[in-house]
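Peer 1:
There are 2 protein chains.
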Amino acid sequence: MFIATTSAPVNIACIKYWGKRDTKLILPTNSSLSVTLDQDHLRSTTTSRADASFTKDRLWLNGVEEDIKPGGRMATCIAEMKRLRKELVENVDTSAPTLSTLFVHIASYNNFPTAAGLASSASGFAALTASLAALYALPSPPTELSLIARQGSGSACRSLMGGFVAWNAGTLDSGVDSHAVQIAAETHWPDIHALICVVSDTKKGTSSTSGMQRTVETSPLLQHRIKHVVPQRMKTISEAILAKDFDRFAEITMADSNQFHAVCLDTSPPIFYMNDVSRAIIAVIEEYNRVALLPENGGKRKAAYTYDAGPNAVIYAPAAHIKEIISLIAHFFPQQETFKDPFGLFGPNGIGTGSFAAGFNVNVAKTWETGAVKSLIHTKVGDGPRVLGQADSVLGQDGLPKSLQL
Amino acid sequence: MFIATTSAPVNIACIKYWGKRDTKLILPTNSSLSVTLDQDHLRSTTTSRADASFTKDRLWLNGVEEDIKPGGRMATCIAEMKRLRKELVENVDTSAPTLSTLFVHIASYNNFPTAAGLASSASGFAALTASLAALYALPSPPTELSLIARQGSGSACRSLMGGFVAWNAGTLDSGVDSHAVQIAAETHWPDIHALICVVSDTKKGTSSTSGMQRTVETSPLLQHRIKHVVPQRMKTISEAILAKDFDRFAEITMADSNQFHAVCLDTSPPIFYMNDVSRAIIAVIEEYNRVALLPENGGKRKAAYTYDAGPNAVIYAPAAHIKEIISLIAHFFPQQETFKDPFGLFGPNGIGTGSFAAGFNVNVAKTWETGAVKSLIHTKVGDGPRVLGQADSVLGQDGLPKSLQL
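Chain order of the listed sequences is H and X.
When the letters of the first sequence are read in order and numbered with the UniProt record's numbering, they come out as residues 1 to 406.
When the letters of the second sequence are read in order and numbered with the UniProt record's numbering, they come out as residues 1 to 406.
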């Protein structure tokens, strides 16, 4: 039986991807950089199987079959992987099974609810690409595979590596230089933790696919960001990562999140992803950093917020501060759900009410109603895709997805 | 008795002023352009009196005495006006009373509540300048006086003229070329109406004085706006005004409001003035324009929102559409106060529930709780400062401010 299962991580960008120079190949207008989050907490798990009995390529997402449209993103990724199988394996070793000629069944599950508002396309397309690479026994390194995952969903290319990952925009029309590269492995700076604040939102936001092209077409400020701001920030944040300089990393991460939302606002009609709760979280973290930046407190930032195309905050922080930050957020945004405490920071009494550093101005935000921040997810920097064993397969013997509880 | 009373209007910018190149002289980093609103509805009324019995310069705002700090903005304006009196009147006509040597008492009242969140500094400093100009019988045209008002509050220089007024940034260090000029009088395009939506806000915003300098110091996007975007927009919107092209006027006005808030967001720490209610008003007006832009509906925008340094919306629209817009806003933002209907648009039954154009998507915003928009003020483009008679004086015979009910 030709079958392979992999899991792949979520990534959250510090330097944001917003705008395509080629919408079919998914080539971005600027480079971006992200932190890969730990698959122990958030992951997509995908099983791919090739079999002569299959009559067409099929794909199920969380147990529901997706329509693989000809020329669409899923079809492109599958076709590209079959092409690599043929070129790199079958053409080289004529004894290798000609899997490139067989149809595949692919099943993928996310272990986090869609309602969490986390972009699942990045981990999903990374897991798809990695599972087909394992099925096809490709010799390709992650950077090569990232070219394929990119054509499924741009930011998916960054989920093919662990740690701190850049997606170089590239300049070629073919897109062969628009791939991911690892700036530093998760083992270089394992101290980076992340707190995801899932924010309630009644309003359906603009999809990032259509939103980013509207920005490309209408924002006068975007071109300045692309040409002059991002190149400098890519360089500086890479240096900060290599030097494990959290203060600098935080400064750039927050500035770039805000600039991404600024160019959204500079779009016609304007695009808003953050709401009043998102802004209150910013106010709390800015105040937390203001106190931390006082000379008597060490003079360095202790947290960095960042927001993708939605109201959820992701707060990066060194491990030493994350407990304090969780308490701080839970103070202003009381939690209904019990905090899942994967690192065992809190005792049986839970988060508690927290305490404030001397000089912290509690009036920067009001205490919100319970549920304004629906849940808090604590995780950390993690590794790239993992090849799993048969026991982890999410496709059954019958070639159909297993029934899994999410 | 040497006394003069004037009233001066509020202005609301279409091309926003944000950033100073000289904080003492109040020289801006970019030119701006505004619509002067009708003093019949919103105004500052100021009486200035010079008398040999006065022992110091004194000023009362809404009946409360202000401290005229040496070297401060009020002291600068008063000193500059005395200088002009001496140079342009007393030095020329030696029989003229030497009012420049006398202390003044100045009383100023706004006819709109501070809680309305309207910037009163523009109308206030314009009325102060205009009343001293009347007291001192200065021959100076409004452009000359705008140089003085500008040193009180930058945007006040634009309130010295009616209609559509540009404030040219100028390039000289002395600031003598940084003054207001009238692009078109209110009589050129009297069709422009305005609806002010006063939005509740619990959070105290960043003051514009400190906020704009933080943007100058930290926003990478502001420089692009200053150098490349605003000059083009000043030209284009001036042309639109002269051509009475509301569609173009609206397009630029909304884009520039959004870009101003974008550079605020690009500031470190970020500055937010709009809240979820502000954004919902944007969504409603964008949808209203989307329908209006359909070829079968004429293909032209019918309204333009703009936001200053706060959550209030000002909606500009041709007179023909303003009734529909008031109903639209009142539908999504139910009013507690009875609408003051200065143009008699509605009958005794009030605003009513309104109706929607075919194809209007009512789901672009929810129906908010009563009071989310506290009140609606309907006004229109209006004239520059008016010299009033003794009957309108807000200083009593005793040289102290009259007790007025606001």
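No residue lacks a Cβ here, since even glycine has one placed at the ideal position from N, Cα and C.
#1: By Cβ distance, which residues of its chain are closer than 6 angstroms to residue 47/X, with the 5 residues on each side in sequence left out?
#2: Do the CB positions of residue 447/H and residue 30/H come within less than 8 angstroms of each other?
#3: Taking just the CA atoms, how far does residue 63/X sit from residue 403/X?
#4: Residues of chain H with a CB under 8 angstroms from the CB of residue 268/X: which are they?
#5: Could you tell me which chain X residues have their CB closer than 7 angstroms to the CB of residue 276/H, listed as they occur along the chain?
#6: Closer than 8 angstroms is the cut-off here; do at least three beta carbon pairs connect the segment 265 to 283 of chain H with the segment 175 to 191 of chain H?
#7: What do you reckon, are the CB atoms on residue 164/H and residue 314/H nearer than 8 angstroms?
#8: For residue 77/X, write down the residues that DSSP places opposite it in a beta bridge.
#9: Between which two residues does the beta strand (DSSP E) harbouring residue 220/X extend?
#10: Assign residue 259/X to one of three DSSP states: helix, strand, or coil.
#11: Taking 8 angstroms as the threshold (beta carbon to beta carbon), is residue 302/H in contact with chain X?
#12: Please check the pair residue 241/H and residue 189/H, which I expect to be a contact at CB under 8 angstroms, by giving their CB distance rounded to whole angstroms.
#13: What residues of chain X sit near residue 282/H, judged by a beta carbon separation below 9 angstroms?
#14: What does the alpha-carbon distance come out to for the pair residue 61/X and residue 109/X?
#15: Using DSSP with H/G/I as helix, E/B as strand and the rest coil, what is residue 228/X?
#16: So what's residue 186/H in DSSP terms, helix, strand or just coil?
#17: Would residue 162/X and residue 389/X be called neighbours here (beta carbons separated by less than 8 angstroms)?
#18: If we count Cβ pairs, one from each stretch, closer than 8 angstroms, do we get three or more for the segment 368 to 381 of chain X versus the segment 334 to 352 of chain X?
#19: Cβ of residue 57/X within 8 angstroms of Cβ of residue 103/X?
#20: Which ranges would you report for the alpha helix (DSSP H) in the segment 249 to 330 of chain X if only whole runs of at least 4 residues count?
#21: Which runs of the beta strand (DSSP E) at least 3 residues long sit entirely within the segment 7 to 56 of chain X? Give them in chain order.
#22: DSSP state of residue 241/H, grouped into three classes?
#23: Taking all protein chains shown into account, do 16 or more other C-beta atoms lie within 10 angstroms of the C-beta of residue 361/H, making it buried, or fewer, making it exposed?
#24: Within 10 angstroms of its Cβ, does residue 235/H collect 16 or more other Cβ (buried), or is it exposed?
#25: Verify the CB distance criterion: does residue 220/X have a CB-CB separation below 8 angstroms to chain H?
#26: For the alpha helix (DSSP H) holding residue 158/H, just list the boundary residues, first then last.
#27: Using the C-alpha atoms, what's the distance from residue 301/X back to residue 288/X?
#28: Suppose you measure from the CA of residue 39/H to the CA of residue 208/H; what does that come to, to the nearest Å?
#29: Inspect the beta-carbon positions of residue 8/X and residue 49/X and report whether they are closer than 8 angstroms.
#30: At a CB-CB cut-off below 7 angstroms, which residues of chain X make contact with residue 279/H?
#31: Using CA atoms only, rank isn't needed, just tell me which of 329/X, 399/X, 204/X is closest to residue 378/X.
#32: Roughly how many angstroms lie between the CA atoms of residue 90/X and residue 97/X, to the nearest whole one?
#33: Near residue 76/X, which residues of its chain fall below 8 angstroms by C-beta distance, leaving aside the five closest residues on each side in sequence?
#34: In terms of residues, what are the limits of the alpha helix (DSSP H) holding residue 123/X?
#35: Check the Cβ-Cβ distances between residue 52/X and every residue of chain H, and say whether any is below 8 angstroms.
#36: For residue 362/X, does the three-state DSSP call read helix, strand or coil?
Peer 2: According to the data block:
#1: Numbered from its first residue, the second sequence carries residue 47/X at position 47. Excluding sequence neighbours, residue 47/X sits near 5, 107, 393, 394, 395.
#2: Nothing in the structure corresponds to residue 447/H, since chain H is present only between 1 and 406.
#3: Position 403 of the second sequence, counted from the start, is the residue given in the question as residue 403/X. Position 63 of the second sequence, counted from the start, is the residue given in the question as residue 63/X. Taking the straight line joining both Cα atoms gives about 7 angstroms.
#4: For the purposes of this step, residue 268/X is taken as residue 268 along the second sequence, with counting starting at 1. Per Cβ cutoff of 8 angstroms: 251, 254, 255, 258.
#5: Taking the first residue of the first sequence as 1, we reach residue 276/H at position 276. Correct list: 275, 276.
#6: no
#7: In the first sequence, the residue the question calls residue 164/H occupies position 164. In the first sequence, the residue the question calls residue 314/H occupies position 314. No, the Cβ-Cβ distance between residue 164/H and residue 314/H is not below 8 angstroms.
#8: Along the second sequence, read from residue 1 onward, the residue named residue 77/X stands at position 77. Paired residues: none, contrary to the question.
#9: Within the second sequence, residue 220/X is the residue found at index 220, counting from 1. No beta strand (DSSP E) holds residue 220/X; the alpha helix (DSSP H) holding it covers 220 to 224.
#10: In the second sequence, counting from the first residue as 1, residue 259/X sits at position 259. Helix at residue 259/X.
#11: Residue mapping note: residue 302/H aligns to position 302 of the first sequence, counting from 1. Residue 302/H does not count as touching chain X.
#12: By one-based count along the first sequence, residue 241/H stands at place 241. By one-based count along the first sequence, residue 189/H stands at place 189. 7 angstroms between Cβ atoms; contact.
#13: Reading the first sequence from its first residue, position 282 is the one you call residue 282/H. Near residue 282/H (Cβ distances below 9 angstroms), the residues of chain X are 269, 270, 272.
#14: Taking the first residue of the second sequence as 1, we reach residue 61/X at position 61. Taking the first residue of the second sequence as 1, we reach residue 109/X at position 109. Cα to Cα, the separation comes out at about 6 angstroms.
#15: The count along the second sequence starts at 1 and reaches residue 228/X at position 228. If DSSP states are grouped into helix, strand and coil, residue 228/X belongs with the helices.
#16: On the first sequence, position 186 is the one that residue 186/H refers to. Three-state result, residue 186/H: coil.
#17: Walking along the second sequence from the start, residue 162/X turns up at place 162. Walking along the second sequence from the start, residue 389/X turns up at place 389. For residue 162/X and residue 389/X, no; Cβs fall outside 8 angstroms.
#18: yes
#19: Position 57 of the second sequence, counting from 1, holds the residue named residue 57/X. Position 103 of the second sequence, counting from 1, holds the residue named residue 103/X. In contact: residue 57/X and residue 103/X (Cβ atoms closer than 8 angstroms).
#20: 276 to 292
#21: 11 to 15, 20 to 22, 32 to 36, 43 to 50
#22: For the purposes of this step, residue 241/H is taken as the residue at position 241 of the first sequence. Helix at residue 241/H.
#23: Stepping through the first sequence from its first residue, residue 361/H is reached at position 361. Classification of residue 361/H: exposed, given that the 10 Å Cβ count is below 16.
#24: What you label residue 235/H is simply residue 235 of the first sequence in a count that begins at 1. It counts as exposed.
#25: Position 220 of the second sequence, counted from the start, is the residue given in the question as residue 220/X. Chain H contact via Cβ: present.
#26: Position 158 of the first sequence, counting from 1, holds the residue named residue 158/H. Unbroken run through residue 158/H: none, as it is neither H nor E.
#27: Here the question's residue 288/X lines up with position 288 in the second sequence. Here the question's residue 301/X lines up with position 301 in the second sequence. The straight-line gap from Cα to Cα measures roughly 8 angstroms.
#28: Within the first sequence, residue 39/H is the residue found at index 39, counting from 1. Within the first sequence, residue 208/H is the residue found at index 208, counting from 1. Going from the Cα of residue 39/H to the Cα of residue 208/H covers about 24 angstroms.
#29: As a first step, residue 8/X is located in the second sequence; it is residue number 8 there, counting from the start. As a first step, residue 49/X is located in the second sequence; it is residue number 49 there, counting from the start. No.
#30: Locating residue 279/H in the first sequence gives position 279, where the first residue counts as 1. 272, listed in chain order.
#31: Here residue 378/X refers to the residue found at position 378 when the second sequence is read from its first residue. Comparing Cα positions, the closest option is 329/X.
#32: Within the second sequence, numbered from 1, the residue matching residue 90/X stands at position 90. Within the second sequence, numbered from 1, the residue matching residue 97/X stands at position 97. If you take the alpha carbons of residue 90/X and residue 97/X, they lie about 7 angstroms apart.
#33: What you label residue 76/X is simply residue 76 of the second sequence in a count that begins at 1. Excluding sequence neighbours, residue 76/X sits near 151, 152.
#34: Within the second sequence, residue 123/X is the residue found at index 123, counting from 1. 120 to 135 is the span of the alpha helix (DSSP H), which, as asked, contains residue 123/X.
#35: Translated into the one-based positions of the second sequence, residue 52/X becomes position 52. False, the Cβ-Cβ gap to chain H never drops below 8 angstroms.
#36: In the second sequence, the residue the question calls residue 362/X occupies position 362. Correct three-state label for residue 362/X: helix.
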